[in-house]
Amino acid sequence: MTHPLDHLPRAGHGSDGAALAANFSDLHPPLTQRQAFIESQRCLYCYDAPCVEACPSDIDIPRFIREIAEDNVNGAAQTILEENILGGSCARVCPTEILCEQSCVRNHDAECQPVLIGLLQRHAIDHMRFDGHPFVRAADTGKHIAIVGAGPAGLSCAHRLATYGHRVTIFEAEAKPGGLNEYGIARYKLIDDYAQREIDFLLEIGGIEIRHGQRLGDNLALDTLKRDYDSVFLGLGLGASRQLGLTGEHAPGLMPATDYIHQLRQTDDLGRLAVARRCVVIGAGNTAIDMAVQMARLGADAVTLAYRRGVESMAATGHEQEIARANGVRIVTWAQPERILLDDAGRVTGMRFARTESRGGALTATGETLDIPADAVFTAIGQAFDDASLSDRRAAVLEREAGKIEVDGNFRTSLAGVYAGGDCVAAGQDLTVQAVQHGKLAAQAIHQQLMAQQEVA
Amino acid sequence: MKASMKKPDVDLSIEFAGIRSPNPFWLASAPPTDKAYNVERAYEAGWGGVVWKTLGEDPAPVNVSSRYSAHFGKNREVLGFNNIELITDRSLEINLREITEVKKRWPDRALIVSIMVPCVEESWKTILPLVEATGADGIELNLGCPHGMPERGMGAAVGQNPDLIERVTRWCKQYYSKPVIVKLTPNITDIRVAAQAAMRGGADAVSLINTINSITSIDLDNMVARPTVGSQSTHGGYCGAAVKPIAMNMVAEIARDPATRGLPICGIGGISNWHDAAEFAALGAGAVQVCTAAMLHGFRIVEEMQDGLARWMAEKGYRSLNDFSGKAVRNTTDWKYLDMNFQTIAHIDQDQCIQCGRCYIACEDTSHQSIAKLVDTAGARRYEVIEEECVGCNLCQITCPVEGCITMVPQESDKPYLSWNEDPRNPFRESVTAAG
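Going line by line, the protein sequences match chains A and B.
Quick note on numbering: the first sequence equals residues 1 to 457 in our numbering.
Quick note on numbering: the second sequence equals residues 1001 to 1436 in our numbering.
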């Protein structure tokens, strides 16, 4: 298949490589030692701290910040990793502005400025120095668990299981582990090969094997896993990008944002990426913002983000919207995609939007239209759990809830011995930190179940 | 040229134990006052007086390298400061010559000379006329240096012995005609004994405190205290903001001691701003001396000190330092005279509360379990004082990060003042009826 943007110019055309690379360096540079120390002093060491309640992964935030303040960075790192083995990437990609930092008591009057918890967490993880891996692997239990998907949920589950002394084999479809951390996060949020380095660190625990090119329903069968392993954990991602449902969905110039970000993250030469001079990103979530901002940073002249409702309904956080505006992205609201505009050769030349308004809460077309010329249109209107990823004969019978895999409070699916967590299950916010938490809790549940079985036997 | 601005209409000038000074801010005898260059810079900056760094007998002592260390706060703010420097390491002749010249050039400023010589009459008899000849306004006896000099029988070795304090003071009054200030060491058990001894010797005033024996920190890699001299260290003299509470107590002890009533007190110890100075004055100090704050920030701080003090005085209607000097002394008493019937209770202003829970855990773990943590159905937390349990200890108010959020509210009471002396719960109370 030819690339949908092959006809467009390259990013390297007209701008030098160093400038391009600089555009994709750390969005939020790390704190210096001194900044971290000063910032750590701002923490009030709350009791039953609201930030901890807001953190999906239960990190004892006041404790790790106090450890930074007391010049005990390894202690701080261990406090974080104990609850979140991917604490380094979460510190970079978490929308802290709607999680821990939003609930910081320092947001109140008089200060209106939360402690920079995310950057402090990053500081602790970036500066930890351990003699070997900071976790101990318990004596081998003889149990062997299969995990499908080497994303944050699967990796977190694997690490926790390994500490309990279980052996783990992870089956991953892609060529690299990491899931969205590797393939889906804006390049300036998780730079260089951080995702891989973090996984290398995680694997130091031992007892974890990753097999790549393994896809459920393709060359991997759930029945086989159930038969050959003591338990199975499904940590599948959201495979499918939602489509516009308009004519021209596959025209050159139109592309799902996640596909482009995938390429952007994997390329070692930003200059070779196709760049639209004028582009439209359709969507209102953080992926839409990531796409729009990255396109602007690659050199696009005009980037428009279009959303069918008002700013207040956008899923992207206020912080993300500010990043977009700061990068010159124009945000057009109350605009619903109506037609993909094509030239004679069938290439995208723009988008026609129906202007909308809210009437009694219902989205209604006003009858006006708006054409935005564009060489490329990126769709970022959400990702759905791809039913095809459960095309496996056995997986197909898993009970579903809201289009995703149904699990109970212990992350057990409807199939005995099969657990699931992360973006593929109903509960949750599709956040990395949420996936890490699911994997961790599922590992605890799996461990308890296996140990209980052992006692009975 | 700068525009002229309105200034508070107050008089900051003082006359302390017969020494006149345009303001109550003096630099203490220490490195900042070691030579003419520094002292003149201080006068230029606006300091009302200077106590010249302690003169001794020749040959002058030799100092070691690495002399200061600090007790740091979390943000590297200096809470306390420590030094192992000795008295001036310049010759007596140079110091006397410079003092003479500086006094001539700055006749309106107070210039006091600190002196420390062996505890022998001849030594004092020799040096005092030389100091008198400089034209300086008075002398301060360094009977408090806690490091180095006591090992040679001087400094704190004298200040810790009331008989020696009295004797040396008497020699000074005998061989010197101008005011004699006796500087007291805090490294004793009861400061009043030292002040009484100075008074008996004829002292015109006391100044306190000198530095406190201290070790500020240990280099845990090399297992040696700071400041480090080679591979060793020694205790130093502690000063700076951290010693202010100790100094204020000692000033108050002397101020309210009937035996030393009326003895002028020059307050020293952690004074870093006008507020600190006003507090010392409220406890009876007629002048204050500053060192550490100037060493950390330079002489310019005196501008804010003068301005701040003057504005506060104008706001309160005080025209001069005398108007409020000692005003807090009469409210400083012994524990046994406190009102047993007084009751204050914490109040949390829910509008200001940021729900950090610090008051709750402090009270729950370490005090009287007088704060309730309430969580509503939406998860919002609220902390409320359980008034029946609150003893009014102030801990919650102290740990609260929001100034003014927790206030201590004195409770209305129809009970009269009742001291512990009179309290029926006191098994040793002075029984009025039995005596009658």
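Where a beta carbon is used, it is the ideal one built from N, C-alpha and C, also for glycine.
Every value quoted in this text rests on a predicted model; they were computed, and no experiment measured them.
Looking only at its own chain, which residues have a Cβ that is under 6 Å from the Cβ of residue i, when we skip the five neighbours before and after it?
i	result
TYR188/A	PHE24, LEU27
ALA195/A	GLY178, ASN181, GLU182
ASP386/A	GLY239, ALA240
GLU368/A	ARG355
ILE1218/B	ALA1225
ASP1307/B	none
Anyone know if the C-beta pair for residue i and residue j falls short of 8 Å?
i	j	result
ALA1282/B	LYS1327/B	yes
GLY237/A	CYS94/A	no
ILE1112/B	ILE1127/B	no
ALA240/A	ILE289/A	no
GLN336/A	THR366/A	no
ARG1097/B	TYR1043/B	no
CYS1119/B	LEU1184/B	no
GLY285/A	GLY382/A	yes
ARG106/A	GLN113/A	yes
ILE145/A	ASP230/A	yes
GLY235/A	GLY439/A	yes
GLY253/A	ALA11/A	no
ILE205/A	HIS319/A	no
PRO56/A	GLN437/A	yes
MET1313/B	LEU1263/B	no
GLY1056/B	ASN1023/B	no
THR1292/B	GLY1240/B	yes
Taking C-alpha atoms, which residue in the options lies nearest to residue i?
i	options	result
LEU120/A	ARG63/A, ASP140/A, PRO152/A, ASN107/A	ARG63/A
ALA49/A	ASP1414/B, GLY1379/B, GLY1404/B	GLY1379/B
HIS262/A	VAL418/A, ALA452/A, ILE185/A	ILE185/A
ILE1246/B	ALA1372/B, ILE1191/B, THR1333/B, ALA1294/B	ILE1191/B
VAL148/A	GLU406/A, PRO29/A, GLU209/A, ILE65/A	GLU209/A
ALA175/A	GLU198/A, GLN214/A, ILE191/A, ALA138/A	GLN214/A
HIS447/A	ASP268/A, ASP109/A, ALA138/A	ALA138/A
ASN1161/B	HIS1147/B, LEU1141/B, ILE1188/B, TYR1037/B	ILE1188/B
ASN1210/B	ALA1252/B, CYS1266/B, TYR1176/B	CYS1266/B
ASN1273/B	GLY1298/B, GLY1262/B, ALA1252/B, ALA1372/B	GLY1298/B
THR1054/B	GLN1355/B, ARG1020/B, VAL1117/B	VAL1117/B
VAL1168/B	ILE1139/B, ASP1137/B, GLU1121/B	GLU1121/B
VAL311/A	GLY328/A, VAL332/A, GLU67/A	VAL332/A
LEU244/A	THR304/A, ARG393/A, VAL281/A	VAL281/A
GLU1101/B	LYS1035/B, MET1149/B, GLY1155/B, SER1065/B	LYS1035/B
CYS46/A	ARG1382/B, GLU1422/B, GLN1355/B, GLY1392/B	GLN1355/B
ALA292/A	HIS250/A, VAL348/A, GLU399/A, ALA374/A	ALA374/A
LYS1074/B	ALA22/A, GLY350/A, ILE38/A	ILE38/A
LEU1395/B	GLU1140/B, SER1029/B, THR1366/B, SER1065/B	THR1366/B
Just to confirm my understanding: we take residue i, look at its own chain, exclude 5 residues before and 5 after, and list those with CB closer than 7 Å. What are they?
i	result
LEU202/A	ILE85, LEU155, HIS159
PRO1061/B	LEU1086, ILE1087, ASP1089
ALA1242/B	HIS1071, LEU1079, GLY1080, GLY1270
LEU264/A	ARG187, LEU273, GLN294
ALA1434/B	Low confidence applies here, because ALA1434/B scores a pLDDT of 48, under 50, leaving its location unreliable; read the following figure in that light. Nothing listed; no residue qualifies.
GLN1369/B	CYS1363, GLU1389
ARG1300/B	ALA1045
ARG1425/B	none
Going along the chain, which residues of its own chain have a beta-carbon closer than 8 Å to the beta-carbon of residue i, five neighbours each way excluded?
i	result
SER1231/B	ASN1222, VAL1224
MET1/A	Bear in mind that a pLDDT of 43 at MET1/A, under 50, signals an unreliable position, so the model cannot answer this.
SER1419/B	LYS1336, TYR1337, LEU1338, ASP1339, MET1340
Hey, residue i and residue j are a contact pair by Cβ (cut 8 Å); roughly how many whole angstroms apart?
i	j	result
ILE1406/B	ILE1348/B	5 Å
ALA395/A	LEU216/A	6 Å
VAL458/A	CYS43/A	Missing from the structure shown is residue 458/A; chain A here goes from 1 to 457 and no further.
PRO1179/B	ALA1157/B	So it is not a contact: roughly 24 Å between Cβ atoms.
ALA91/A	ILE68/A	About 12 Å; that fails the 8 Å criterion.
ALA388/A	ILE405/A	Wrong, their Cβ atoms sit about 14 Å apart, outside the cutoff.
Which ranges does the alpha helix (DSSP H) cover as unbroken runs of at least 4 residues, wholly within the stretch 97-160 of chain A, from first to last along the chain? 100-103, 117-127
Within the stretch 1036-1070 of chain B, note down every full alpha helix (DSSP H) run reaching 4 residues or more, in order along the chain. 1036-1045
In chain order, which alpha helix (DSSP H) runs of at least 4 residues are fully inside the stretch 198-272 of chain A? 222-228, 257-266
Minimum length 3: unbroken beta strand (DSSP E) runs contained in the stretch 334-387 of chain A: 335-342, 348-359, 362-373, 376-379
Considering only residues of the stretch 8-92 of chain A, which uninterrupted alpha helix (DSSP H) runs meet the minimum length of 4 residues and lie entirely inside it, listed in chain order? 17-23, 33-42, 50-54, 61-69, 73-83
Fully enclosed by the stretch 1138-1222 of chain B, which beta strand (DSSP E) runs are 3 residues long or longer? 1138-1142, 1180-1183, 1205-1208, 1212-1214
At what residue ranges does the stretch 1261-1339 of chain B contain a whole run of the beta strand (DSSP E), taking only runs of 3 or more? 1265-1268, 1285-1290
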